[in-house]
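What follows is a set of notes on a single structure, which appears directly below.
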Amino acid sequence: MFEQILRNVRRQQPLIHCITNYITTNDCANIILACGASPTMAEAEQEAAEIAAVAGALDINIGNLNAMTVAAMHQAIAAANWHNVPVVLDPVGAGASTYRMNTLRDFFEKYRFAVVRGNVSELLAVGGAASNTKGVDAGAADAVTEENLDERVTFFKQLSAQLGAVVSVSGAVDIIASPQKAYLCRNGHPMMSRVTGTGCMLSALTAAYCGGNPEDILEAAAAATVAMGVAGDIAYRKTMEAGQGTGSFRVYLMDAISLMDAETLNGGMKLEIR
Amino acid sequence: MFEQILRNVRRQQPLIHCITNYITTNDCANIILACGASPTMAEAEQEAAEIAAVAGALDINIGNLNAMTVAAMHQAIAAANWHNVPVVLDPVGAGASTYRMNTLRDFFEKYRFAVVRGNVSELLAVGGAASNTKGVDAGAADAVTEENLDERVTFFKQLSAQLGAVVSVSGAVDIIASPQKAYLCRNGHPMMSRVTGTGCMLSALTAAYCGGNPEDILEAAAAATVAMGVAGDIAYRKTMEAGQGTGSFRVYLMDAISLMDAETLNGGMKLEIR
Amino acid sequence: MFEQILRNVRRQQPLIHCITNYITTNDCANIILACGASPTMAEAEQEAAEIAAVAGALDINIGNLNAMTVAAMHQAIAAANWHNVPVVLDPVGAGASTYRMNTLRDFFEKYRFAVVRGNVSELLAVGGAASNTKGVDAGAADAVTEENLDERVTFFKQLSAQLGAVVSVSGAVDIIASPQKAYLCRNGHPMMSRVTGTGCMLSALTAAYCGGNPEDILEAAAAATVAMGVAGDIAYRKTMEAGQGTGSFRVYLMDAISLMDAETLNGGMKLEIR
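Protein chains in written order, with the working numbering: chain A, 973 to 1246; chain B, 973 to 1246; chain C, 973 to 1246.
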């Protein structure tokens, strides 16, 4: 069902401007290339606005803030908003420090985001709900389960309305919600959380898909999550068959994204709409 | 013999706070995840203390200092010391510049470290001995050999007493020394020095093992070195069998750490106590 | 024909000082190690000059400038020029922002470079010619083709004379030009542009080869390009045979560089001199 979304990215090769953390930025650039888009990671205050203004999408990731990158983020988001460039926000480790929460509050006051994407703990923190953030990984008590699924879907639809942005939440069941409609995705494998940056990579992929499909943000965000999940399934299978570990899994994950086509995606997706 | 050390890490999944260099930080985060712990790489002065205070261990790596990271390191180490969070220090390229030596001197004056881990040249520089540092790799004249082993063990036991920290030294023979006791490890392969960050990764792994075993720092540091050495042996074997190079070796090294269990460790270790 | 160039690097293990972007710095350090040299990525203003002064070569890459790295670059290049350490400049994304163009202009006014290496769009921007820079990837209209090859070779020979530096240009046909002589290399595969950092890696490799061969800059730069191209050919073949994607391709590329010898290089090279 997401054929057109994938095709638009490969055809238009949108320029995706990322201001992200340096821990996983190489993986983010590589996944953007793997799906057919073109990355640029410029984060100097002196050039952030100039580059964001001509980008197809902007990916903002707060996994490693400092005074310089925060200043550049403000420049870039303001320019993107002005030029109607869709902005994806990944609130990495939201709730883990006062600095991150204050930065996020400032962002939400001043700017519009197309998608806010993170794990459950981060999104709960963004929503101001009680959350169990532990560093940058999701707290166990926050997990989306089949038992609390209805409640969580309702919560994230409301959060989407409140933020004026598509909300994309990663977990055992991924939820991609607009105020009216939510995609639920059951692809992916826990091994993905044993490799750093799979969340950051998904945000970068979401930005790439949004950049190629600025009129279909909800579907673009859902397609990115599904593509990442199906790639995770494929990579896990390959890793287990060969008796390998997380190093190989990470390589196979990138392989699977670079080889992803509509047939593989549709054949592998476990998707539900609520 | 290190079963309990490994098990404690996988069970408690300690949060490991790293302020390290951006060259190898992705590998550091991945090895922390691979051994069962949880990484966070926050390095802003605005949040470093807050995050270090709740971490299981702190990993400080001076491979790429600047004014901002040095300030964050001071905040984080002070908070860790106050909250009894063990701190691992990796004095990368100590002796290669005045800036690094001054930063280290300042650290040793003000703070306590649980483990100081580096290559021989770096530890000799830390000890104020004559050293042949060349960039960030160990100088050949500094190498620990079977000939100078006794002398070097004695030196590092004394250095451990002087620093009030376990001293963990990488080389053809690794030495992990407290004032009274030293573990000698003969695992690992020179190919490890043809991949960047294997030293940084070992420091991160040491922090993860210390985070899960704060009452057994010497054993935790030794277990980390042995695990890395055995992983190096396994990765080298796989690389040679497949006729591959350093790119594959790096992937197999991460695989081996993520698959490491007590049986593999005990079956492969070449350990001596002096 | 480049036997001696390769051998000098492996024998002398020159220390290569890189001030580069954090997106691909891990790959740069790894390729320097893979070819037999020794990397150091120090970029603090406080130590950049001290380290550059004793390096075998300096690699400057403007892919992610900020006020701190620009200051460190000035310190390092000035020290390298003073001590006759060859400097390789990679003008990543030249033309993509005013900040980068101003920084480059400042560099060319003040310093001497041994090699300026980039893609066609970047070199055209450096030359002040009309260029179609799009982020950090080469614009399609700028491509070197068999049709415009003569014209481009002439242009880059002139640019080499104007800059007082060897000009090394990557594309479907690579051109490595001095004022009098140009090497044309037809190795490599478009998949290289689907992995981030292959350009940065080639600049780092060029610096390593120059560090081992400071008297033969043109040949060193040509050998680096040919080695990267032949490695790309090998990696592409392995990736296709195994039905894998860009994640595996990246690993195989590093493997091929670490295994590169004169026989493989001479057997695989598609080189022409004009």
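Idealized CB from N, CA, C, for every residue including glycine.
As assigned by DSSP and simplified to three states, the class of residue i
i	result
C/D1233	coil
B/D1188	coil
A/N998	helix
B/A1149	strand
C/H1055	coil
Residue nearest to residue i in terms of C-alpha spacing, selected from the options
i	options	result
B/N1053	B/V1026, B/A1180 and B/A1066	B/V1026
A/P1058	A/A1193, A/A1144, A/E1235 and A/R1209	A/A1193
A/N1238	A/L1177, A/D1227, A/A1195 and A/I1023	A/A1195
A/N1033	A/G1100, A/E1244, A/V1167 and A/N1091	A/N1091
A/N998	C/V1167, C/G1201 and C/T1041	C/V1167
B/G1100	B/I991, B/G1067 and B/A1043	B/G1067
B/L987	B/A1180, B/T1197, B/M1173 and B/L1190	B/A1180
C/E1191	C/R1222, C/I1147 and C/G1240	C/I1147
B/T1075	B/C990, B/N1056, B/S1010 and B/V1042	B/V1042
A/E1244	A/M1163, A/E1187, A/N1159 and A/I995	A/N1159
A/C1264	A/G1201, A/I1049 and A/M973	With chain A running from 973 to 1246 in the structure shown, residue 1264 of chain A is simply not present.
C/H989	C/D1114, C/N980 and C/L1030	C/L1030
B/C1172	B/S1140, B/I1189, B/Y1155 and B/F974	B/S1140
A/L1231	C/M1241, C/K1242 and C/G1219	C/G1219
B/R1124	B/L1095, B/G1169 and B/S1165	B/L1095
A/V1060	A/F1080, A/R1089 and A/L978	A/R1089
B/T996	B/G1169, B/M1241, B/L1174 and B/R983	B/G1169
A/A1009	C/T1197, C/F1221 and C/S1165	C/S1165
C/D1233	B/P1162, B/E1235, B/G1217 and B/D1233	B/G1217
B/V1098	B/G1136, B/E1081 and B/M1073	B/M1073
C/P1011	C/E1235, C/D1188, C/M1212 and C/S1175	C/S1175
C/Y994	A/A1086, A/A1199, A/E1015 and A/F1079	A/E1015
A/N1056	A/V1198, A/D1078, A/F1085 and A/E1213	A/F1085
A/M1045	A/G1028, A/G1065, A/V1064 and A/A1024	A/A1024
Residue span of the beta strand (DSSP E) that contains residue i, given as start and end
i	result
A/V1059	V1059 to D1062
A/N1091	V1087 to N1091
C/V981	That residue, C/V981, is in no beta strand (DSSP E); its alpha helix (DSSP H) goes E975 to Q984.
B/V1116	Careful: B/V1116 lies outside any beta strand (DSSP E) and carries neither H nor E.
C/L1037	First-last for C/L1037: undefined, no H or E at that position.
Start and end residues, alpha helix (DSSP H) containing residue i
i	result
C/D1078	T1070 to K1082
Uninterrupted alpha helix (DSSP H) stretches inside the region 1000-1028 of chain C (no shorter than 4 residues): 1020-1024
How do the region 1036-1043 of chain B and the region 998-1005 of chain B stand: do at least 3 beta-carbon pairs fall below 8 Å, yes or no? no
At a cut of 8 Å, does the region 1117-1133 of chain A reach the region 1204-1213 of chain A through at least three beta carbon pairs? no
Alpha helix (DSSP H) segments (min. 4 residues) lying fully within the region 1152-1233 of chain B: 1170-1184, 1189-1213 and 1218-1231
So, do the region 1011-1021 of chain A and the region 1013-1032 of chain B have three or more beta carbon pairs nearer to each other than 8 Å? no
So, does the region 1143-1162 of chain B touch the region 1223-1240 of chain A, judging by three or more C-beta pairs under 8 Å? no
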